[in-house]
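*Asks:* Chains as they are written, first to last, in the numbering used here: chain A, 1 to 128; chain B, 1001 to 1172.
Structure in structure tokens, see below.
Written as structure tokens, this is what we have:
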């Protein structure tokens, strides 16, 4: 199966290939990753062919849509949030931007503090 | 231009966020009881002043940032051309005349994976005769500067029309 994903303006070609019942090969650009299922449990182990990706793609993260300063945090760790919940007030160019969640889940981590300056694309909140 | 006029509201921005009318609707109030600026700073809003919120069409966040700055320029331009005063813009969103604040702009947006909703609130001290003691040295109005009353509706329409034109230009 071939997929095309655009992340922050960069296009990635992703190829997923089921080698056998236990092994799956995922090719991102020219890098290959082999996922192998351990017998007896459902834990997946990653056998790097080249290098490990730093980001966990399964994680739900809320990122800063623009650079700015965190003015208010409306949620706390452990809260269950729904799609559309107001999570952070981000001030940029004297504009006040309410950041809402696009997915639901429990707040696993709040990566920012009030008055902290953030860059565009920086992770603000991690959901479970 | 769809204008919804109220004699009194807590805040035109708050009402816009609550009712979410369609884009380019203008919520205009003769008086605000809880007018606010950035960081919820109090905005003195007695009868006589001009307080309105424009519901902006869905735009890119970069365009909204530009528009926020442009709104200050447009407000200053209207003050300069209509009343021959010399406004000074404190970037990005305050307008001063004779070293005293005469107008403020507060743009608020709701953003998820894209911009969901955005509004621009403008407070312009038009026909305010007197400010409370704590604002006396920092705020002014067109009435104080000119010694006469001005037409709030005419100013509102001039600002909104020009903003609409500018958004067309920057979105292209």
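Don't be surprised by glycine CBs; every beta carbon is placed ideally from N, CA and C.
Quantities reported herein were computed from a predicted structural model and do not represent experimental measurements.
Considering Cα atoms alone, identify which of 16/A, 33/A, 10/A and 110/A is closest to residue 64/A.
*Replies:* 110/A
*Asks:* Using alpha carbons as the reference points, say which of 13/A, 29/A, 14/A and 61/A lies closest to residue 102/A.
*Replies:* 61/A
*Asks:* Taking the DSSP output, what are the residues bridged to residue 1125/B?
*Replies:* Per DSSP, none; premise fails for residue 1125/B.
*Asks:* Looking at the C-beta of residue 115/A, does it have a partner C-beta in chain B at a distance below 8 Å?
*Replies:* no
*Asks:* So, with DSSP's three-state summary, where would you put residue 33/A?
*Replies:* In the structure shown, residue 33/A sits in a strand (DSSP, three-state: E or B).
*Asks:* Hey, does residue 104/A have any beta-carbon neighbour from chain B nearer than 8 Å?
*Replies:* no
*Asks:* Please check if any C-beta of chain B sits within less than 8 Å of the C-beta of residue 74/A.
*Replies:* For residue 74/A, no CB of chain B lies under 8 Å from its own CB, so it is not counted at the interface with that chain.
*Asks:* Measure the alpha-carbon distance for residue 1040/B versus residue 1133/B and round it to whole angstroms.
*Replies:* 20 Å
*Asks:* Taking just the CA atoms, how far does residue 1163/B sit from residue 54/A?
*Replies:* Reliability of the predicted coordinates at residue 54/A is poor, the pLDDT of 42 falling under 50, and no value is obtained from them.
*Asks:* Let me make sure I understand the geometry here. Which of 3/A, 11/A and 10/A has the alpha-carbon closest to that of residue 26/A?
*Replies:* 3/A
*Asks:* What is the residue span of the alpha helix (DSSP H) that residue 131/A lies within?
*Replies:* The shown model of chain A, from 1 to 128, leaves out residue 131/A, and the question about it has no answer.
*Asks:* To the nearest angstrom, how far is the alpha carbon of residue 1098/B from that of residue 13/A?
*Replies:* 59 Å
*Asks:* Of all the CB atoms in chain B, is at least one closer than 8 Å to the CB of residue 100/A?
*Replies:* Residue contact check for residue 100/A against chain B: a CB pair falls below 8 Å.
*Asks:* Which of the three DSSP states is assigned to residue 119/A in this structure?
*Replies:* coil
*Asks:* Kindly indicate the opening and closing residues of the beta strand (DSSP E) around residue 91/A.
*Replies:* 86-92
*Asks:* Out of 1024/B, 1061/B and 1015/B, state which residue places its alpha-carbon closest to the alpha-carbon of residue 1002/B.
*Replies:* 1024/B
*Asks:* So residue 1159/B and residue 1066/B are in contact, right, with Cβ under 8 Å, and what is the actual spacing, rounded?
*Replies:* With a Cβ gap of about 16 Å, residue 1159/B and residue 1066/B do not count as contacting.
*Asks:* Entirely within the stretch 1009-1038 of chain B and at least 3 residues each: give me those beta strand (DSSP E) ranges in chain order.
*Replies:* 1025-1029
*Asks:* Please classify residue 52/A: does DSSP put it in a helix, a strand, or coil?
*Replies:* Because the pLDDT of residue 52/A is 40, which lies under 50, any placement of that residue in the model is unreliable, and the number read from its coordinates should be weighed accordingly. The answer is coil: DSSP assigns residue 52/A none of H, G, I, E or B.
*Asks:* Going along chain A in order, which residues have a C-beta closer than 7 Å to the C-beta of residue 1092/B?
*Replies:* 93 and 94
*Asks:* Using a 10 Å radius around the Cβ and a threshold of 16 neighbouring Cβ atoms, would you call residue 80/A buried or exposed?
*Replies:* exposed
*Asks:* On the three-state DSSP scale, how would you describe residue 24/A?
*Replies:* strand
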